[in-house]
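Below: the structure, in structure tokens.
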Amino acid sequence: MTNKDLAELIFPNIDKTVEDYEKMYPERGNVVVTRIAPSPTGYMHIGGIYQSIVDYIIAKRNNGVFMLRIEDTDQKREVKEAVELIHDALNTYGLIPDEYEEDGKVVGNYGPYVQSERKEIYQAFIKHLIEIGRAYPCFCTKEDLDELRVMQDHKKQRTGYYGKYAKCRNLTVDEMINNIKEGKPYVIRFKSMGDFEHKFKFHDEVKGDLELSENDEDFVIMKSDNGLPTYHFAHLVDDHLMRTTYVVRGEEWLSSAPKHVELFQAFNFELPKYVHTPLIIKKEGNSIRKISKRKDPEATMSYYSEHGYPKEAVIESLMTIINSNYEEWHTENPDKTFLDFDYNPTKMSAGGAYYDLEKLNSLSKDIISKKKAHDVYLESYEWAKKYNLKLAELIDNNPSYYESILNIEREQEKPRKDIAYYAMIEDLIWYMFNSEFDNREKTYEWKNVTDIGEIKNILHTYIEKYYDANDDKDTWFNKVKELCDELGYASNIKEYKQNPDKYKGNVADISTVIRVAVTTKSNTPDLYEILKLLGKDEILRRIEIL
RNA sequence: GGCCCAUUGGUGAAAUGGUUAACACAUCGCCCUCUCAAGGCGACAUUCAUGGGUUCAAAUCCCAUAUGGGUCACCA
Numbered sequence: 001m002t003n004k005d006l007a008e009l010i011f012p013n014i015d016k017t018v019e020d021y022e023k024m025y026p027e028r029g030n031v032v033v034t035r036i037a038p039s040p041t042g043y044m045h046i047g048g049i050y051q052s053i054v055d056y057i058i059a060k061r062n063n064g065v066f067m068l069r070i071e072d073t074d075q076k077r078e079v080k081e082a083v084e085l086i087h088d089a090l091n092t093y094g095l096i097p098d099e100y101e102e103d104g105k106v107v108g109n110y111g112p113y114v115q116s117e118r119k120e121i122y123q124a125f126i127k128h129l130i131e132i133g134r135a136y137p138c139f140c141t142k143e144d145l146d147e148l149r150v151m152q153d154h155k156k157q158r159t160g161y162y163g164k165y166a167k168c169r170n171l172t173v174d175e176m177i178n179n180i181k182e183g184k185p186y187v188i189r190f191k192s193m194g195d196f197e198h199k200f201k202f203h204d205e206v207k208g209d210l211e212l213s214e215n216d217e218d219f220v221i222m223k224s225d226n227g228l229p230t231y232h233f234a235h236l237v238d239d240h241l242m243r244t245t246y247v248v249r250g251e252e253w254l255s256s257a258p259k260h261v262e263l264f265q266a267f268n269f270e271l272p273k274y275v276h277t278p279l280i281i282k283k284e285g286n287s288i289r290k291i292s293k294r295k296d297p298e299a300t301m302s303y304y305s306e307h308g309y310p311k312e313a314v315i316e317s318l319m320t321i322i323n324s325n326y327e328e329w330h331t332e333n334p335d336k337t338f339l340d341f342d343y344n345p346t347k348m349s350a351g352g353a354y355y356d357l358e359k360l361n362s363l364s365k366d367i368i369s370k371k372k373a374h375d376v377y378l379e380s381y382e383w384a385k386k387y388n389l390k391l392a393e394l395i396d397n398n399p400s401y402y403e404s405i406l407n408i409e410r411e412q413e414k415p416r417k418d419i420a421y422y423a424m425i426e427d428l429i430w431y432m433f434n435s436e437f438d439n440r441e442k443t444y445e446w447k448n449v450t451d452i453g454e455i456k457n458i459l460h461t462y463i464e465k466y467y468d469a470n471d472d473k474d475t476w477f478n479k480v481k482e483l484c485d486e487l488g489y490a491s492n493i494k495e496y497k498q499n500p501d502k503y504k505g506n507v508a509d510i511s512t513v514i515r516v517a518v519t520t521k522s523n524t525p526d527l528y529e530i531l532k533l534l535g536k537d538e539i540l541r542r543i544e545i546l
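If you count by our numbering, then the first sequence holds residues 1 to 546, one letter each, in order.
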């Protein structure tokens, strides 16, 4: 019996050969091809968007192709609707793949783009490997492998299925065939010819030239339960056949790069360029760790949707950790987008990339402050319809009023920067809505003037003698000052500071009384604008219900 | 434990052998000012984990140590 018989026994229905697939998926010439290859585990990790941005930039800046490939070889972990979630996330951030598959619709000539649909392709490649003696079935049970590991640990040997410990590699073909015919479960392992003591040069686009030990492990390339390949083998087949030129993946893959190198060599395929990106890390006290879905809500993209961060802010914040010179570049080139930026993998942070929500907030405030009121209105309305129905209803009642609120201290040279994400809006402006003002439990934040009699005196005098809705801002403020003079408050703060005893207070105190009376809050945007939007009747009403 | 990667201020970082170690966030102070936010100005590393070496010259090159991270699955 020969390897060919073995291969035929294992894959009787696989007729196509490696050569057939080479012809089906011809080389793409000099086209740059990148891909994002997430597993459908039910959420989109921030690392996925981070890598997608890198993929997208590399592809787009070179007029290349950006693919989305779904890595669903581990069907135990698969979650329904996860694929949809991945598409949504990419669409949200404008990282639209050129080739992908959705709801059975395949876009692109190198599909299928879902690994579970590529089973026969993988198996054809594995069949070839068995025929040439570079892969074999392994009948070791989980217990056998546990035992091996314990023994290796005990003897202080490197753990793993390699060399003399790879006992199934020494089975004769006849023994293998008999085992299979007896129905023993098996996996397919790659037969390594590497030497762990021997180093080779490996070039990574981020880290530069590295020296790695050759792989000598007979690692699993096909699983026993479903005949699907492991990541390592799928990477070889897919990225070769899809003609990927840049493999962008997390740094955690660097340690298995030797496996991939040996696999590519076994087929004599050209190695793609590898871009091992730094891990996104999180600091917690003194410990540093990978950002994780379970512990860090901001690891999942839904966090940003729920909070209502503008997509540009998220991209911007990620760009700053992709290349730290990005921010400076962008302030110098405010009209350009991240696609105009000259991304340089060697400039990626060598250690971990620290994703900082404070930084995001700062960037986001800046971005939102520069938006037109109408755009903030549209975006926050879209957000509210999904995540804050009450706000959506308030907006529906009077869209132009809402837009006017957003326009306070906006669309000017130094716009107000107080909104970092749309979920903040309600807390910032609720008092502008009469219904909210009435419904809420109110705590008036009085400051220096707290005597309610004096407060009412100030307010009544103001509204009866001085307030005129038609005043422009200067006139308005001058009248507030006149009010001060009448009631014994200093209209000039500098003067007040020099002679505090001559006055009951100053213009700031008077303004605060008016501000708190109509908003309950001591800190608000421009008071003139607020009064104007509220209207005299409502101001009066709010004074009366004090 | 083996292998690999990293280590610059409160934080993210720039600098690729050559004057006073960019910039940003945070913090603090002053100014502006009706409050807040913003803005303006300023402060914030005698020093680049530690110890040796190479060099006229080192954060930058070399060696060792320490610390942190990644990985060692039929998970990607």
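Beta carbons are placed, not taken as given, at the ideal position from N, Cα and C, and that holds for glycine.
Secondary structure of residue i, DSSP reduced to three states
i	result
THR300	strand
ASP209	strand
ALA490	strand
CYS168	helix
MET348	coil
GLU27	coil
ALA420	coil
PHE338	helix
THR230	coil
MET222	strand
ILE281	strand
GLY308	coil
TYR431	helix
GLY163	helix
ASN506	strand
TYR343	coil
GLU411	coil
TYR354	strand
GLU71	coil
GLU217	strand
ILE425	helix
ARG440	coil
With 16 other Cβ atoms within 10 Å as the buried cut-off, status of residue i
i	result
VAL247	buried
GLN51	buried
VAL31	exposed
GLY29	exposed
PRO272	buried
ARG158	exposed
SER317	buried
ALA137	Per the sequence shown, the amino acid found at residue 137 is Pro instead of Ala. Burial call: buried.
MET151	exposed
ASN170	exposed
PRO97	buried
Residue i vs residue j beta-carbon contact at 8 angstroms
i	j	result
GLU411	LYS372	yes
ALA7	GLU147	no
VAL376	LEU406	yes
GLU549	ASN434	Lying outside 1 to 546, the shown extent of the chain, residue 549 is not represented and no answer is given.
LEU487	THR524	no
HIS260	HIS232	yes
SER364	PRO310	yes
PHE338	ILE321	no
Enclosing beta strand (DSSP E) for residue i [first to last residue]
i	result
GLY250	246-250
TYR381	Per DSSP, TYR381 belongs to no beta strand (DSSP E); it is in the alpha helix (DSSP H), 373-387.
THR34	33-36
LEU271	Counting along the chain, LEU271 falls outside any beta strand (DSSP E), and DSSP gives it neither H nor E.
LYS201	199-204
PHE66	65-68
Unbroken alpha helix (DSSP H) run spanning residue i, endpoints
i	result
TYR402	399-406
MET176	173-181
THR2	Looking at the DSSP string, THR2 is not in any alpha helix (DSSP H), and its letter there is neither H nor E.
ILE315	311-322
ARG189	From DSSP, ARG189 is part of no alpha helix (DSSP H) but of the beta strand (DSSP E) over 187-190.
HIS330	326-332
GLY48	46-61
GLU358	357-369
ARG541	536-544
Checklist entry - Whole beta strand (DSSP E) runs in the stretch 78-108 with 3 or more residues, listed along the chain? => result If we require 3 residues or more, the beta strand (DSSP E) runs fully inside the stretch 78-108 come out as 100-102 and 105-107.
Next on the checklist: Ignoring anything shorter than 4 residues, give me the alpha helix (DSSP H) runs that lie fully in the stretch 98-161, in order along the chain.
Outcome noted: You should have 119-131 and 142-154.
Item to check | Every unbroken alpha helix (DSSP H) inside the stretch 451-501 [4 residues or more] | outcome: 452-461, 473-487 and 493-498, all fully within the stretch 451-501.
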